[in-house]
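Numbering (UniProt numbering), first residue to last: 1 to 290.
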Amino acid sequence: MSYLKPIRMVVTSPRTYVFYPQRTRTFLKTPQCHSVSLHGLLRPTAVRHFSYQATVTSIWQSISQSTPVAYVQHGMMDLHDFTGLPWWATIILTTIGLRTVVTLPLAIYQNKILVRLEKISLEMPELIKELKLETAYAIKKFNWTEKEARIMYNHSLKKQWNKLIVRENCHPAKTMVLLWGQIPLWIVQSVAIRNLVSLMPDPTAIDAQIAYTELTLGGFGWIPNLTELDHSLILPVALGVINLTIIEIQAASRTKLPSKLQTVFTNLFRVLSVAMVPIAASVPSVYFLF
C-alpha cells in the first residue's frame, strides 16, 4: 500500500505543521511526538464572532442570579407573606427599609465631609494672602520670572490645600459616596423586582408564579395590575418632576460655588431626569414604587 509523501512546512520552532495532500486531516506534530487534530481549524470560515446580545444577556443572568438580588427578592416575598400587605405597600416598605439601612448612613457621612470641606475652605483666604506675600518676596530675592513665580505659587497652594484635606480627612471624592452607594442598591432592587415580574430566575418555581399572580392583583388606584404600564403617564411624569426638584434643591443648598465635577454631575442628572420620563413610560408600573 503506497502512501503520499507529506509536504513539510515549518511555521515556528519547535512546532511543525505537516500537510498530507488529498487527505482530510491535518496534524500538529510536536517534539514529544504527540499529534493534535486541527481538522477544520485552519479554514478561513472558522472565525469566532463576538455577540453583543449574548454578552449582555449573560451579564443580566449573572446579576439576576446573584446573592444580593436573591436576598432582596426573597426578603420582599417574606415581608409580603408575613405582613399581608398588598404588593405596592410591600415594595414601598422594603424601599424605606433599604434606604434607612444603606442610604441614610452614607448621607450622614457625606454631609460630615461637606461640612469639613466648608471648614477648610474658610481657612484658604488667609493662606492665599500669605502665599502671595511670600511669592512677592521670593520674586525679589531669587529673581524669579513671572512664570516661575506662578508655578511655585500654584504648587505651594495645592500643597497647603492637600495638607488641610489630610488633616480633616475630607477628600472631595468622598462627597460622591452617597451616589456610589445608591447605584448598586438601585441595581439590586431593580433586578429583584424584575425577577418577580419576569418569574426569574426559575419560571417553574411555585413561589415565583404565586408572586407574579399577586403582583397582577396587588396594585392601587388607577393601576390595579402592577405588571402593566401606566397608560395615564401620571407616574412617569411625576417621577421626572420629583427627580428634577430634588436636584434643584441640592444645587440651591450649596453655600459655595460648585466644582467642575459637581457641575458636570448636576447637569448630567438633570438630563437623565428628563430622559427617564419616556423610558419610565415603557416599563411596568411596579418600578415606580421604589
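Glycine included, C-beta positions come from ideal geometry on N, C-alpha and C.
{"Query": "Residue 123 to residue 268 span [Cα, whole Å]", "Result": "31 Å"}
{"Query": "At least three beta-carbon pairs within less than 8 Å, the region 157 to 173 to the region 111 to 121", "Result": "yes"}
{"Query": "Exposed unless 16 or more other CB atoms sit within 10 angstroms - verdict on residue 186", "Result": "exposed"}
{"Query": "Secondary structure, alpha helix (DSSP H): runs of 4+ residues fully inside the region 68 to 155", "Result": "87 to 98, 104 to 142"}
{"Query": "Extent of the continuous alpha helix (DSSP H) run through residue 60", "Result": "52 to 64"}
{"Query": "Reference residue 179, options 91, 103, 53, 97, closest by Cα", "Result": "103"}
{"Query": "Beta-carbon spacing of residue 250, residue 72 below 7 Å", "Result": "no"}
{"Query": "As assigned by DSSP and simplified to three states, the class of residue 220", "Result": "strand"}
{"Query": "Cα-Cα separation between residue 160 and residue 128, rounded to whole angstroms", "Result": "9 Å"}
{"Query": "Element boundaries [alpha helix (DSSP H), containing residue 270]", "Result": "260 to 280"}
{"Query": "Cβ neighbour criterion (16 or more within 10 Å) applied to residue 78", "Result": "exposed"}
{"Query": "Residue range of the unbroken alpha helix (DSSP H) whose run includes residue 309", "Result": "Nothing in the structure corresponds to residue 309, since the chain is present only between 1 and 290."}
{"Query": "Exposed unless 16 or more other CB atoms sit within 10 angstroms - verdict on residue 97", "Result": "exposed"}
{"Query": "Cβ-Cβ separation, residue 191 to residue 283 (assumed contact under 8 Å), whole Å", "Result": "13 Å between Cβ atoms; not a contact."}
{"Query": "C-beta contact flag for residue 87 and residue 221 at 7 Å", "Result": "no"}
{"Query": "Check whether residue 277 and residue 236 have beta carbons under 7 Å apart", "Result": "yes"}
{"Query": "Coil, strand or helix - residue 195 by DSSP", "Result": "helix"}
{"Query": "Proximity of residue 285 and residue 230 at Cβ, strictly below 7 Å", "Result": "yes"}
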